[in-house]
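**Student:** Position 54 of the sequence shown, counting from 1, maps to 53 under numbering that gives the first Met the number 0, and the rest follow consecutively. Note that the Cβ used here is the ideal one computed from N, Cα and C, for glycine as well.
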Amino acid sequence: MSTTLALDLDGTLLSCEPRHCALMRAVCVGDGMPASSWPRFWAAKREGANNVAALRQLGHPQPEPRAAAWAREIEHWPWLGFDRLLPGVAEALASTQHRIVVLTARRERFFLQQQLDRLGLTRRIHDLIVVPPTEAAARKAEALRRLQPQAFIGDTESDAEAADAAGQRFLALACGMRSPAFWARHGRPSFNDLPAALAAL
0 MSTTLALDLD
10 GTLLSCEPRH
20 CALMRAVCVG
30 DGMPASSWPR
40 FWAAKREGAN
50 NVAALRQLGH
60 PQPEPRAAAW
70 AREIEHWPWL
80 GFDRLLPGVA
90 EALASTQHRI
100 VVLTARRERF
110 FLQQQLDRLG
120 LTRRIHDLIV
130 VPPTEAAARK
140 AEALRRLQPQ
150 AFIGDTESDA
160 EAADAAGQRF
170 LALACGMRSP
180 AFWARHGRPS
190 FNDLPAALAA
200 L
């Protein structure tokens, strides 16, 4: 059996909510959105909405330009500084005997590497594969075919699609971009965090 384990990054190893919500609040300053909007924004995303759909659910009058402004900044500092390791991740990576490959969709590899260094992840992983967000599922599937890991652990439907396309085992996490209810609607069991998923291997 392969000793390689492929892991998504955002929502799998790193928190997403603080960065996503802080940036959208900043982008929407002056738009009259109440503070109560942002938990609802994140909840909508956890149920599968993209930024435009989530803003529409909040009644925002200009969701498309705000979502576009958000997308231009989401992989830059200072917003990357909002990310933290999810609970249990550091301990899980330190104790596992697997060869860890992080397989993530990002545009800005240089800033990503800075972020991994700052969070202490660089020394915990054996390889980093970065694919374009616009082709995330297809390019992750290509990487998974090459890697032939024991499993791919991720937190979105594009991660699941990539694993399915590559014929690889997928373990869904419900601590990131998608909720337990989302995964249940899609007929997939989910795990609350990375340690729980590793225990199921």
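Is leucine 200 closer than 7 Å to glutamine 167 when the C-beta atoms are compared?
**Tutor:** Result no, Cβ atoms of glutamine 167 and leucine 200 do not sit closer than 7 Å.
**Student:** Would DSSP call glycine 201 helix, strand or coil?
**Tutor:** Only positions 0 to 200 of the chain appear in the structure, and residue 201 is not among them; the question remains open.
**Student:** Does tryptophan 76 pass the burial test, meaning 16 or more other C-beta atoms within 10 Å, or should it be called exposed?
**Tutor:** That one is exposed.
**Student:** Using three-state DSSP, classify arginine 39 as helix, strand or coil.
**Tutor:** Residue state, collapsed to three classes: helix.
**Student:** Let me check one thing: in DSSP terms, what residues is phenylalanine 190 bridge-paired to?
**Tutor:** Paired residue(s): Leu172.
**Student:** According to the Cβ coordinates, are methionine 176 and aspartate 154 closer than 7 Å?
**Tutor:** It is a contact, given that the beta carbons lie within the stated cut-off.
**Student:** In three-state DSSP terms, what is valine 26?
**Tutor:** Here valine 26 sits in helix by DSSP.
**Student:** Return the CA-CA distance between arginine 123 and alanine 5, expressed in angstroms with no decimal places.
**Tutor:** Near 13 Å, if we compare the C-alpha coordinates of alanine 5 and arginine 123.
**Student:** Can you have a look at proline 60 and say buried or exposed, based on whether 16 or more other CB atoms are within 10 angstroms of its CB?
**Tutor:** Proline 60 is exposed by the Cβ-count criterion.
**Student:** Which residue or residues does DSSP assign as beta-bridge partners of aspartate 126?
**Tutor:** Partner(s): Val100.
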